[in-house]
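Each residue of the sequence shown is one higher than the one before, starting from 16 at the first, in the numbering used here.
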Amino acid sequence: MTERVKLQTISSELLPELLALQVGEAQQHFVKPIARVLDELSVQQTAHLILANKQVVGFFVIDTQYPYQAELPLQQSVLLRSFFVASQFQGEGYGYAAGAQLRAYVADLNPSFQHLSLTVNCRNNGAQALYKKCGFVDSEKLYNGGPAGPQHLYFLDL
């Protein structure tokens, strides 16, 4: 089933389906509501969908402005933000299938970038395990400015 997982940039016809997605209650501390994320997108950020069998099951943002040089100096890094699979689709392997495609997907979007980085809350053990399974490396550096507390800085070479 997970072989039918596809990543793509957001499209207007799939926006209603995307806005209907919800994160699980335990994850609401770590991910903003989708409508808010979309409203706050900057010119450096692009929204992307996770599709399974042509149905929207998740979402993420790619940010070309890497803000963590002081904590983890990476040259030519893009940032993964707001990555999630909706609660009703969790446990199907979609998060892993999407995460495993990120290296190639982001390299195709931004050929000049060398790293994909992210922050993950220190209390979000499930997400940490998923990112590691997808090949991300824990830099063992912390970002202490997160809205829900300290965050690990992870990266993936592209």
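Ideal placement from N, C-alpha and C gives every residue a C-beta, glycine not left out.
Cα-Cα separation between residue i and residue j, rounded to whole angstroms
{"i": "residue 71", "j": "residue 90", "result": "33 Å"}
{"i": "residue 110", "j": "residue 47", "result": "18 Å"}
{"i": "residue 35", "j": "residue 108", "result": "20 Å"}
{"i": "residue 148", "j": "residue 114", "result": "9 Å"}
{"i": "residue 67", "j": "residue 19", "result": "6 Å"}
{"i": "residue 104", "j": "residue 65", "result": "11 Å"}
{"i": "residue 128", "j": "residue 21", "result": "21 Å"}
{"i": "residue 33", "j": "residue 142", "result": "20 Å"}
{"i": "residue 76", "j": "residue 31", "result": "17 Å"}
Where residue i sits in the DSSP three-state scheme
{"i": "residue 69", "result": "coil"}
{"i": "residue 175", "result": "Given a span of 16 to 173 for the chain in the structure shown, any question on residue 175 remains unanswerable."}
{"i": "residue 136", "result": "strand"}
{"i": "residue 29", "result": "helix"}
{"i": "residue 124", "result": "helix"}
{"i": "residue 60", "result": "strand"}
{"i": "residue 166", "result": "strand"}
{"i": "residue 83", "result": "coil"}
{"i": "residue 103", "result": "helix"}
{"i": "residue 23", "result": "strand"}
Given residue i as reference, the closest of the options once Cα atoms are compared
{"i": "residue 28", "options": "58, 51, 60, 69", "result": "69"}
{"i": "residue 93", "options": "101, 125, 66", "result": "125"}
* **Stretch pair the stretch 152-168 + the stretch 130-140: three plus CB contacts closer than 8 Å** => yes
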